[in-house]
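A.B. asks:
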Amino acid sequence: DNRNRLAVDQVNESSASYQIYDKGNGFEYNSLEALTKNSSAFTEDDNGLAVRRSIMLVLLYVVFGSITFSLWFDGWTVIDAMYFTVVTFTTCGYGDLYPVENSQRIFIIFFVIIGIIVLGGIALDVIHDNIFVAYEKAVEKSKSFARLEFLKRIGKEGKLKKTEGEGENESTNRARLKHKLKEVLYSVTPLVGINVFGALFIGYFEGWSIVTSLYFCMITATSVGYGDVSPQTQAMRLISVIYVPLSIGMSAKIFSNICGVYFDFKADEAEQKILDRQITQDNLKEMDVDMSGSVSYDEYLIFMLVAMGKVDRSDIQQVRKSFESWDYNEDNNLRVQDLIALANSNSMSTRKVNEDIL
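By the count of my numbering, the sequence shown reaches residue 370 at its end, each step adding exactly one.
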C-alpha cells in the first residue's frame, strides 16, 4: 500500500510539473490516479491473515520446543525448555543450556534449521519491513519537500528560477538532518528506556551490577549472546522468554529509525541534483522518443521518472509490452472492445486446437 501511495504522489507531481510547460494537453489525470490507486494487490485482510499465521507458527514452535526439551533433556524444567527455545529462535544462544547427547544434538540440528526458517520468514521479515517502512517515510518526506521546491522554481517559460540562498543547499540539508536526528532520538527514547529497564530488572534479581546489566541488555538486543552473562533463576528465565524477543524487536525499530535519517539525507542529496538541473534543448531531444519534434506528456513523464530514479527504462519497456498485449486493435488505447476481441480470439484458437486434435 505504501508503494502504491508513493507511486500516486510521483505521478501526480510529475503531472503538475508537465502542466507548467503545457497548458492544453487535455490529459485525464483523475483517471490515472484512480487506476493507480486501484492497482493495490494487498489488502488489510490479507495482512491480518499473514500476521495471525505468523503468530501461530511462532507459538507452535515455542510450545513444541518447550514440551520436547522438558521431557527429553534431563533436569530441564518447562521454563528451561521454553527459555532455550526462545534464545534459539532469536539466535541469542547464551550457551548456558545446551544438548549433551549425540541424539539430542542431531535433533537440535534440524530444530535450529526450522527455527532459522521461522525466524527468517517471520521475525526478520518484520524487521525488514520496519526498515523498509522507515526508508519509505524518509524518502517520501524528503522527495515531497524536494519536488515542492522544484515546482516553485520552474517559471511559466519552463526555466528554473533562482532562489535566495541557492548556495546554501548543503547547509540547509545538514540542518534538516540534525533536526530529523533529534526527532528520531526523541521518538526512540521510550524504546531504549524499556529495553534498559528490562535488563536492569533482570539484573537486579540475578544480583548483577549495573554495568553487567547494561552489557546484558546490549548483547541481547543485538542477538550477539556471548554466553558469559545470562539469567540463571527460573523466574528470570521466564521473564526472558518475553524480554528477549521484545528486546530484539525494539532494537530493530531503533536502528531502522536511525537508518531512516541517513536514507532521508542521502535521498535529499539525490533530489537536489534534480532540483539544480535545468531543462535544455538536449533534454527535449532526449525526451522526444518518437522524433515528432514535440514532447508529449507520456514522454515527459517517463523521462522525469527515470531521471529521478523512480523507475528503470527496462520497467517501462515491460509495461509497454504488457499494454500492447492487451491492445488488440493496436490503436494505443485500451477499451472494452479490445478485451472482448481478445477473449473471442483466444476462444477461437482453443476451438481450433481441439478440432485439430480430434
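Think of the CB as a built atom: it goes at the ideal place given N, C-alpha and C, for glycine as much as any other residue.
So for L317, helix, strand or coil by DSSP?
C.D. replies: In this structure, L317 counts as helix in the three-state DSSP scheme.
A.B. asks: To the nearest angstrom, how far is it from the Cα of A264 to the Cα of Q329?
C.D. replies: Between A264 and Q329, the C-alpha separation is close to 37 Å.
A.B. asks: Using 8 Å as the threshold, is the C-beta distance between V74 and V256 below it?
C.D. replies: Taking 8 Å as the Cβ cut-off, V74 and V256 do not qualify as a contacting pair.
A.B. asks: If you measure between the beta carbons of D300 and E311, is that distance less than 8 Å?
C.D. replies: Cβ distance < 8 Å, so D300 and E311 count as in contact.
A.B. asks: Out of A279, S235, G239 and S115, state which residue places its alpha-carbon closest to the alpha-carbon of L189.
C.D. replies: Answer by Cα proximity: A279.
A.B. asks: Leaving out five residues before and five after M94 in sequence, what residues of the same chain have Cβ atoms less than 7 Å from its Cβ?
C.D. replies: Taken in chain order, the residues that qualify are V74, S78 and V253.
A.B. asks: Whose C-alpha, out of M248, T232 and N269, is nearest the C-alpha of I260?
C.D. replies: The shortest Cα separation from I260 among M248, T232 and N269 belongs to T232.
A.B. asks: Output the boundary residues of the alpha helix (DSSP H) element that contains R10.
C.D. replies: Any answer about residue 10 is impossible in this case: the structure gives the chain only from 13 up to 370.
A.B. asks: Can you find the residues in the same chain that come closer than 7 Å, C-beta to C-beta, to S199, ignoring five residues on each side of it along the sequence?
C.D. replies: Excluding sequence neighbours, S199 sits near N269.
A.B. asks: Comparing the C-beta of S359 with each C-beta of chain C, is any distance below 8 Å?
C.D. replies: Here chain C cannot be found, since the structure has a single protein chain.
A.B. asks: Does C229 come out as helix, strand or coil in the three-state DSSP assignment?
C.D. replies: C229 falls in the helix class under three-state DSSP.
A.B. asks: What are the boundary residues of the alpha helix (DSSP H) that T292 is part of?
C.D. replies: Taken as a continuous stretch (DSSP letters only), T292 belongs to no alpha helix (DSSP H), as it is neither H nor E.
A.B. asks: Within the same chain, show all residues whose beta-carbon is closer than 7 Å to that of I120, passing over the 5 residues directly before and after it, in chain order.
C.D. replies: Excluding residues within five positions, the ones whose Cβ falls inside 7 Å are P111.
A.B. asks: Do A247 and F217 have their CB atoms nearer than 8 Å?
C.D. replies: Yes.
A.B. asks: For the alpha helix (DSSP H) that M94 lies in, which residues bound it at each end?
C.D. replies: Segment V90 to F101, the alpha helix (DSSP H) holding M94.
A.B. asks: Quick check on the DSSP output: the alpha helix (DSSP H) that includes Q244 runs from which residue to which?
C.D. replies: Note, Q244: premise wrong, no alpha helix (DSSP H); not H, not E.
A.B. asks: Give, in chain order, every unbroken run of the beta strand (DSSP E) that is at least 3 residues long and sits entirely within the stretch 244 to 274.
C.D. replies: Listed in chain order, nothing qualifies, since the stretch 244 to 274 has no complete beta strand (DSSP E) run of 3 or more residues.
A.B. asks: Report the three-state DSSP secondary structure of L354 (helix, strand or coil).
C.D. replies: Note: L354 maps to helix in three-state DSSP.
A.B. asks: Taking all protein chains shown into account, do 16 or more other C-beta atoms lie within 10 angstroms of the C-beta of M316, making it buried, or fewer, making it exposed?
C.D. replies: Classification for M316: buried.
A.B. asks: Locate the alpha helix (DSSP H) running through N114, then write down its first and last residues.
C.D. replies: Element bounds for N114: N114 to V130.
A.B. asks: Are the Cβ atoms of G272 and Y106 separated by less than 8 Å?
C.D. replies: No, the pair does not count as a contact, with Cβ atoms beyond the cut-off.
A.B. asks: Going by C-alpha distance, which of F96, E113 and D108 is nearest V124?
C.D. replies: Ranking F96, E113 and D108 by Cα distance to V124 puts F96 first.
A.B. asks: Is it right to say I352 is buried, meaning 16 or more other beta carbons lie within 10 angstroms of its own, or is it exposed?
C.D. replies: With fewer than 16 other Cβ atoms within 10 Å, it is exposed.
A.B. asks: Let me know if K333 comes out buried or exposed under the rule of 16 or more other beta-carbons within 10 Å of its beta-carbon.
C.D. replies: Exposed, because fewer than 16 other Cβ atoms sit within 10 Å of the Cβ of K333.
A.B. asks: Taking the alpha carbon of G237 as the point to measure from, which residue in Y227, R249 and F85 has its own alpha carbon closest?
C.D. replies: When only C-alpha atoms are compared, the closest one is Y227.
A.B. asks: Between the beta-carbon of V208 and the beta-carbon of I266, is there less than 8 Å?
C.D. replies: No, the pair does not count as a contact, with Cβ atoms beyond the cut-off.
A.B. asks: Quick check on the burial criterion: 16 or more other C-beta atoms within 10 angstroms. Buried or exposed for M320?
C.D. replies: That one is buried.
A.B. asks: If we ignore side chains and look at the alpha-carbon of each, how far apart do E342 and D327 end up?
C.D. replies: Their Cα atoms are separated by approximately 21 Å.
A.B. asks: Given this structure, state the Cα-to-Cα distance separating D302 from L346, to the nearest angstrom.
C.D. replies: Going by the C-alpha atoms only, they are around 20 Å apart.
A.B. asks: Do you know whose CA, among V196, T234 and V241, lies nearest I222's CA?
C.D. replies: For I222, the nearest C-alpha among the options comes from V241.
A.B. asks: Taking the C-alpha atoms as reference points, what is the distance between W84 and D108?
C.D. replies: Cα-Cα distance, rounded: 17 Å.
A.B. asks: How should P243 be labelled, buried or exposed, when 16 other C-beta atoms within 10 angstroms of its C-beta is the threshold for buried?
C.D. replies: Counting Cβ neighbours within 10 Å, P243 comes out buried, since at least 16 surround it.
A.B. asks: Assign T292 to one of two classes, buried (16 or more other C-beta atoms within 10 Å of its C-beta) or exposed (fewer than that).
C.D. replies: Flag for T292 reads exposed.
A.B. asks: Sorted by chain position, which residues of the same chain lie with C-beta nearer than 8 Å to S306's C-beta, five sequence neighbours on each side aside?
C.D. replies: Once the five neighbours on either side are set aside, the close Cβ partners of S306 are D300.
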